[in-house]
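In what follows, a structure is listed as C-alpha coordinates, so that the remarks can point back to it.
Numbering (mature numbering (1 follows the signal peptide of the UniProt record, and there is no 0)), first residue to last: -20 to -1, 1 to 267.
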(Lines of atoms letter the chains of each structure in order from A and count residues from 1; the text may use other names and numbers.)
(Lines give C-alpha, C1' and ligand atoms only; values in the text may rest on other atoms or scores of the structure.)
Protein backbone atom coordinates (compact mmCIF):
# COMPACT_ATOMS: atom_id res chain seq x y z
CA UNK A 1 0.00 0.00 0.00
CA UNK A 2 1.30 3.36 -0.91
CA UNK A 3 0.97 6.09 1.61
CA UNK A 4 0.13 9.48 0.35
CA UNK A 5 2.58 12.00 1.63
CA UNK A 6 1.18 14.04 4.46
CA UNK A 7 1.63 17.65 3.71
CA UNK A 8 1.37 19.93 6.62
CA UNK A 9 1.16 23.58 6.26
CA UNK A 10 0.95 26.56 8.47
CA UNK A 11 -1.97 28.83 7.89
CA UNK A 12 -1.12 32.33 8.74
CA UNK A 13 -4.05 34.49 9.55
CA UNK A 14 -3.43 38.19 9.34
CA UNK A 15 -5.44 40.39 11.62
CA UNK A 16 -5.58 44.13 11.56
CA UNK A 17 -6.50 46.35 14.45
CA UNK A 18 -8.43 49.52 13.95
CA UNK A 19 -7.39 52.41 16.15
CA UNK A 20 -9.52 55.45 16.78
CA UNK A 21 -8.08 58.74 15.65
CA UNK A 22 -8.55 61.90 17.67
CA UNK A 23 -7.57 65.55 17.86
CA UNK A 24 -8.39 68.94 19.32
CA UNK A 25 -11.36 71.29 18.97
CA UNK A 26 -11.40 75.06 19.21
CA UNK A 27 -14.07 77.74 19.34
CA UNK A 28 -14.72 79.27 15.89
CA UNK A 29 -11.19 78.27 14.82
CA UNK A 30 -9.09 75.21 15.54
CA UNK A 31 -6.88 77.28 17.85
CA UNK A 32 -9.55 79.62 19.18
CA UNK A 33 -11.05 79.92 22.65
CA UNK A 34 -13.81 82.11 24.03
CA UNK A 35 -14.14 83.72 27.45
CA UNK A 36 -17.09 83.75 29.82
CA UNK A 37 -16.70 86.23 32.66
CA UNK A 38 -18.62 86.84 35.87
CA UNK A 39 -18.61 90.58 36.54
CA UNK A 40 -19.17 91.56 40.17
CA UNK A 41 -18.93 95.32 39.75
CA UNK A 42 -20.19 97.61 42.50
CA UNK A 43 -21.26 94.79 44.83
CA UNK A 44 -21.69 95.83 48.46
CA UNK A 45 -20.86 93.23 51.11
CA UNK A 46 -22.79 94.22 54.22
CA UNK A 47 -21.51 93.78 57.74
CA UNK A 48 -23.55 90.62 58.30
CA UNK A 49 -21.98 88.88 55.29
CA UNK A 50 -18.48 90.17 55.88
CA UNK A 51 -17.52 87.39 58.29
CA UNK A 52 -15.37 84.29 57.94
CA UNK A 53 -17.35 81.35 56.62
CA UNK A 54 -19.98 83.35 54.73
CA UNK A 55 -20.63 82.25 51.13
CA UNK A 56 -22.33 84.05 48.27
CA UNK A 57 -22.76 83.31 44.58
CA UNK A 58 -21.25 85.64 42.00
CA UNK A 59 -23.06 87.19 39.06
CA UNK A 60 -24.16 85.13 36.06
CA UNK A 61 -21.46 84.58 33.46
CA UNK A 62 -21.59 86.77 30.38
CA UNK A 63 -21.20 84.50 27.37
CA UNK A 64 -21.13 84.55 23.59
CA UNK A 65 -22.20 81.90 21.09
CA UNK A 66 -19.63 80.08 18.97
CA UNK A 67 -19.21 77.01 16.75
CA UNK A 68 -16.92 74.03 17.07
CA UNK A 69 -13.85 73.97 14.84
CA UNK A 70 -12.17 70.57 15.20
CA UNK A 71 -9.03 69.39 13.44
CA UNK A 72 -10.77 66.40 11.82
CA UNK A 73 -11.15 66.35 8.04
CA UNK A 74 -14.35 67.66 6.47
CA UNK A 75 -17.20 65.16 6.35
CA UNK A 76 -15.83 62.98 9.14
CA UNK A 77 -18.30 61.61 11.71
CA UNK A 78 -16.95 62.16 15.23
CA UNK A 79 -17.87 62.29 18.90
CA UNK A 80 -16.90 65.14 21.20
CA UNK A 81 -15.12 64.76 24.53
CA UNK A 82 -14.50 67.43 27.18
CA UNK A 83 -12.24 68.04 30.16
CA UNK A 84 -12.50 70.84 32.71
CA UNK A 85 -9.43 71.95 34.63
CA UNK A 86 -8.84 74.57 37.35
CA UNK A 87 -6.50 77.41 36.44
CA UNK A 88 -5.84 78.57 40.00
CA UNK A 89 -3.21 76.46 41.75
CA UNK A 90 -3.45 77.32 45.45
CA UNK A 91 -6.06 75.20 47.21
CA UNK A 92 -8.52 76.94 49.51
CA UNK A 93 -9.93 76.16 52.94
CA UNK A 94 -11.36 72.84 51.75
CA UNK A 95 -11.51 70.57 48.69
CA UNK A 96 -13.05 72.20 45.63
CA UNK A 97 -12.07 75.73 46.68
CA UNK A 98 -9.12 77.70 45.40
CA UNK A 99 -7.57 80.85 46.83
CA UNK A 100 -8.69 83.91 44.86
CA UNK A 101 -6.99 86.46 47.12
CA UNK A 102 -6.21 87.03 50.80
CA UNK A 103 -9.90 87.41 51.70
CA UNK A 104 -11.76 85.12 49.29
CA UNK A 105 -11.77 81.50 48.17
CA UNK A 106 -13.69 80.50 45.05
CA UNK A 107 -15.45 77.31 43.96
CA UNK A 108 -16.49 76.51 40.37
CA UNK A 109 -19.58 74.35 39.80
CA UNK A 110 -20.54 72.99 36.39
CA UNK A 111 -24.27 72.53 35.92
CA UNK A 112 -25.72 69.22 34.71
CA UNK A 113 -26.41 69.13 30.96
CA UNK A 114 -24.61 72.45 30.47
CA UNK A 115 -21.84 70.41 28.85
CA UNK A 116 -22.93 67.52 26.60
CA UNK A 117 -22.48 64.28 28.53
CA UNK A 118 -22.44 65.89 31.98
CA UNK A 119 -25.36 64.28 33.83
CA UNK A 120 -24.82 65.73 37.32
CA UNK A 121 -23.46 68.96 38.76
CA UNK A 122 -19.69 68.80 39.09
CA UNK A 123 -17.26 70.84 41.16
CA UNK A 124 -14.06 71.70 39.33
CA UNK A 125 -11.05 70.53 41.31
CA UNK A 126 -7.70 68.84 40.87
CA UNK A 127 -9.65 65.56 40.71
CA UNK A 128 -11.43 66.63 37.49
CA UNK A 129 -8.25 67.72 35.73
CA UNK A 130 -8.06 64.49 33.72
CA UNK A 131 -11.70 63.40 33.97
CA UNK A 132 -13.20 63.14 30.50
CA UNK A 133 -16.83 64.06 29.87
CA UNK A 134 -18.05 62.05 26.92
CA UNK A 135 -21.15 62.53 24.80
CA UNK A 136 -22.58 59.67 22.73
CA UNK A 137 -23.83 62.07 20.07
CA UNK A 138 -22.24 61.59 16.64
CA UNK A 139 -21.59 64.84 14.78
CA UNK A 140 -21.39 64.87 11.00
CA UNK A 141 -21.97 67.23 8.11
CA UNK A 142 -24.21 64.53 6.63
CA UNK A 143 -26.67 65.17 9.46
CA UNK A 144 -26.22 68.95 9.38
CA UNK A 145 -24.14 68.78 12.57
CA UNK A 146 -20.60 69.07 11.25
CA UNK A 147 -17.87 70.12 13.67
CA UNK A 148 -14.78 69.46 11.54
CA UNK A 149 -12.84 72.20 9.79
CA UNK A 150 -14.15 72.59 6.28
CA UNK A 151 -17.65 71.29 7.07
CA UNK A 152 -20.27 73.48 5.44
CA UNK A 153 -23.25 72.09 7.34
CA UNK A 154 -22.23 73.11 10.84
CA UNK A 155 -23.51 72.36 14.32
CA UNK A 156 -24.38 75.26 16.60
CA UNK A 157 -23.84 77.95 17.53
CA UNK A 158 -23.44 76.90 21.18
CA UNK A 159 -22.43 78.37 24.53
CA UNK A 160 -21.61 75.30 26.61
CA UNK A 161 -20.64 76.04 30.21
CA UNK A 162 -22.47 79.37 30.30
CA UNK A 163 -24.47 78.32 33.37
CA UNK A 164 -21.37 77.62 35.45
CA UNK A 165 -21.56 79.21 38.91
CA UNK A 166 -18.83 80.69 41.10
CA UNK A 167 -19.21 80.53 44.88
CA UNK A 168 -17.17 83.04 46.88
CA UNK A 169 -16.18 82.13 50.45
CA UNK A 170 -14.98 84.77 52.91
CA UNK A 171 -11.76 83.56 54.54
CA UNK A 172 -10.86 86.92 56.06
CA UNK A 173 -13.19 89.92 56.48
CA UNK A 174 -12.10 93.10 54.72
CA UNK A 175 -12.88 96.80 54.79
CA UNK A 176 -13.24 99.33 52.03
CA UNK A 177 -13.00 98.52 48.34
CA UNK A 178 -11.58 95.29 46.92
CA UNK A 179 -10.70 95.10 43.24
CA UNK A 180 -10.71 91.67 41.60
CA UNK A 181 -8.72 91.90 38.36
CA UNK A 182 -9.84 89.68 35.50
CA UNK A 183 -8.76 86.25 36.70
CA UNK A 184 -9.14 82.95 34.86
CA UNK A 185 -10.62 80.37 37.24
CA UNK A 186 -11.14 77.26 35.09
CA UNK A 187 -11.01 76.16 31.47
CA UNK A 188 -13.23 73.82 29.44
CA UNK A 189 -11.20 71.83 26.90
CA UNK A 190 -12.49 69.93 23.87
CA UNK A 191 -11.36 67.06 21.63
CA UNK A 192 -12.85 64.74 19.00
CA UNK A 193 -12.61 60.99 18.48
CA UNK A 194 -13.90 58.87 15.58
CA UNK A 195 -14.07 55.50 17.30
CA UNK A 196 -14.54 53.83 20.65
CA UNK A 197 -11.29 55.06 22.15
CA UNK A 198 -10.49 58.17 24.14
CA UNK A 199 -8.43 61.20 23.17
CA UNK A 200 -5.05 61.60 24.80
CA UNK A 201 -4.53 64.48 27.19
CA UNK A 202 -2.47 66.28 24.57
CA UNK A 203 -5.37 66.25 22.11
CA UNK A 204 -7.52 68.61 24.16
CA UNK A 205 -7.63 72.28 23.26
CA UNK A 206 -9.06 75.21 25.22
CA UNK A 207 -12.66 75.93 24.25
CA UNK A 208 -13.95 78.18 27.04
CA UNK A 209 -12.09 80.13 29.70
CA UNK A 210 -14.15 80.90 32.81
CA UNK A 211 -13.11 84.08 34.63
CA UNK A 212 -14.22 86.57 37.27
CA UNK A 213 -13.59 90.29 37.73
CA UNK A 214 -15.06 93.31 39.46
CA UNK A 215 -15.18 95.36 42.64
CA UNK A 216 -16.50 94.58 46.11
CA UNK A 217 -17.13 97.18 48.79
CA UNK A 218 -17.40 96.38 52.48
CA UNK A 219 -18.55 99.48 54.38
CA UNK A 220 -18.10 99.57 58.15
CA UNK A 221 -20.27 101.63 60.48
CA UNK A 222 -19.64 102.31 64.15
CA UNK A 223 -21.97 103.38 66.93
CA UNK A 224 -20.35 105.97 69.21
CA UNK A 225 -21.30 105.94 72.90
CA UNK A 226 -24.42 103.92 71.99
CA UNK A 227 -25.77 107.02 70.26
CA UNK A 228 -25.93 109.12 73.44
CA UNK A 229 -24.47 112.60 73.94
CA UNK A 230 -20.92 112.52 75.27
CA UNK A 231 -20.71 114.69 78.38
CA UNK A 232 -17.37 115.70 79.89
CA UNK A 233 -17.11 117.52 83.23
CA UNK A 234 -14.17 119.92 83.19
CA UNK A 235 -15.05 121.34 86.58
CA UNK A 236 -14.90 125.05 87.47
CA UNK A 237 -12.37 127.11 85.58
CA UNK A 238 -11.77 130.71 86.55
CA UNK A 239 -12.04 132.98 83.53
CA UNK A 240 -8.81 134.73 84.48
CA UNK A 241 -6.94 131.51 83.75
CA UNK A 242 -7.57 131.95 80.03
CA UNK A 243 -4.51 133.99 79.18
CA UNK A 244 -3.33 132.51 75.88
CA UNK A 245 -5.57 132.13 72.86
CA UNK A 246 -5.96 128.58 71.55
CA UNK A 247 -4.23 127.17 74.62
CA UNK A 248 -5.44 125.46 77.79
CA UNK A 249 -6.16 127.63 80.83
CA UNK A 250 -3.19 128.21 83.10
CA UNK A 251 -2.75 125.36 85.55
CA UNK A 252 -5.46 123.24 83.95
CA UNK A 253 -5.11 119.48 84.26
CA UNK A 254 -6.46 117.59 81.22
CA UNK A 255 -9.45 115.41 81.95
CA UNK A 256 -9.38 111.78 80.84
CA UNK A 257 -12.65 110.27 79.70
CA UNK A 258 -13.74 107.15 77.84
CA UNK A 259 -15.68 106.98 74.60
CA UNK A 260 -17.20 103.60 73.81
CA UNK A 261 -17.80 102.52 70.24
CA UNK A 262 -19.18 99.42 68.58
CA UNK A 263 -18.01 98.53 65.06
CA UNK A 264 -19.04 94.89 65.17
CA UNK A 265 -16.53 92.05 65.19
CA UNK A 266 -13.41 93.46 63.56
CA UNK A 267 -10.98 91.21 65.43
CA UNK A 268 -9.97 89.33 62.28
CA UNK A 269 -9.69 92.41 60.11
CA UNK A 270 -6.88 93.81 62.27
CA UNK A 271 -7.80 97.34 61.30
CA UNK A 272 -7.15 100.52 63.26
CA UNK A 273 -9.73 103.15 64.13
CA UNK A 274 -8.98 106.83 63.85
CA UNK A 275 -11.32 109.25 65.60
CA UNK A 276 -11.29 113.01 65.32
CA UNK A 277 -13.37 115.23 67.59
CA UNK A 278 -14.09 118.71 66.31
CA UNK A 279 -15.30 121.34 68.75
CA UNK A 280 -16.83 124.75 68.16
CA UNK A 281 -15.74 127.87 69.95
CA UNK A 282 -17.99 129.18 72.67
CA UNK A 283 -17.47 131.59 75.50
CA UNK A 284 -13.72 131.50 74.99
CA UNK A 285 -14.18 134.17 72.30
CA UNK A 286 -15.30 136.55 75.02
CA UNK A 287 -11.90 136.60 76.65
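By construction, the Cβ of each residue, glycine as well, lies at the ideal position given by its N, Cα and C atoms.
Please state the DSSP three-state secondary structure of residue i.
{"i": "residue -14", "result": "The pLDDT assigned to residue -14 is 38, lower than 50, so where the model puts this residue is not dependable, and the model offers no usable value."}
{"i": "residue 208", "result": "coil"}
{"i": "residue 59", "result": "strand"}
{"i": "residue 6", "result": "strand"}
{"i": "residue 181", "result": "helix"}
{"i": "residue -19", "result": "Because residue -19 carries a pLDDT of 46, less than 50, the predicted location of this residue cannot be relied on, and the following value inherits that uncertainty. The answer is coil: DSSP assigns residue -19 none of H, G, I, E or B."}
Measuring straight from C-alpha to C-alpha, what distance separates residue i and residue j?
{"i": "residue 231", "j": "residue 222", "result": "10 Å"}
{"i": "residue 127", "j": "residue 135", "result": "6 Å"}
{"i": "residue 96", "j": "residue 32", "result": "36 Å"}
{"i": "residue 142", "j": "residue 178", "result": "25 Å"}
{"i": "residue 118", "j": "residue 60", "result": "8 Å"}
{"i": "residue 3", "j": "residue 46", "result": "19 Å"}
{"i": "residue 100", "j": "residue 175", "result": "25 Å"}
{"i": "residue 217", "j": "residue 226", "result": "15 Å"}
{"i": "residue 164", "j": "residue 30", "result": "24 Å"}
{"i": "residue 52", "j": "residue 129", "result": "6 Å"}
{"i": "residue 203", "j": "residue 24", "result": "20 Å"}
{"i": "residue 36", "j": "residue 102", "result": "18 Å"}
{"i": "residue 114", "j": "residue 172", "result": "10 Å"}
{"i": "residue 123", "j": "residue 78", "result": "42 Å"}
{"i": "residue 236", "j": "residue 219", "result": "22 Å"}
With respect to the beta strand (DSSP E) encompassing residue i, which residues constitute its N-terminal and C-terminal limits?
{"i": "residue 23", "result": "14 to 24"}
{"i": "residue 195", "result": "185 to 198"}
{"i": "residue 172", "result": "156 to 173"}
{"i": "residue 271", "result": "What is shown of the chain runs -20 to 267, which leaves residue 271 out entirely."}
{"i": "residue 50", "result": "48 to 50"}
{"i": "residue 36", "result": "35 to 37"}
**OP:** Pair every Cβ in the region 154 to 168 with every Cβ in the region 181 to 200, then say whether three or more of these pairs are closer than 8 Å.
**Re:** yes
Subject >> Given 8 Å, three or more beta-carbon pairs between the region 82 to 102 and the region 144 to 153 >> reply: yes
Subject >> Segments of 3+ residues assigned as beta strand (DSSP E) that fall wholly inside the region 87 to 168 >> reply: 112 to 114, 145 to 150
Original post:
Per the contact definition of three or more C-beta pairs closer than 8 Å, is the region 35 to 55 in contact with the region 15 to 22?
Top reply: yes
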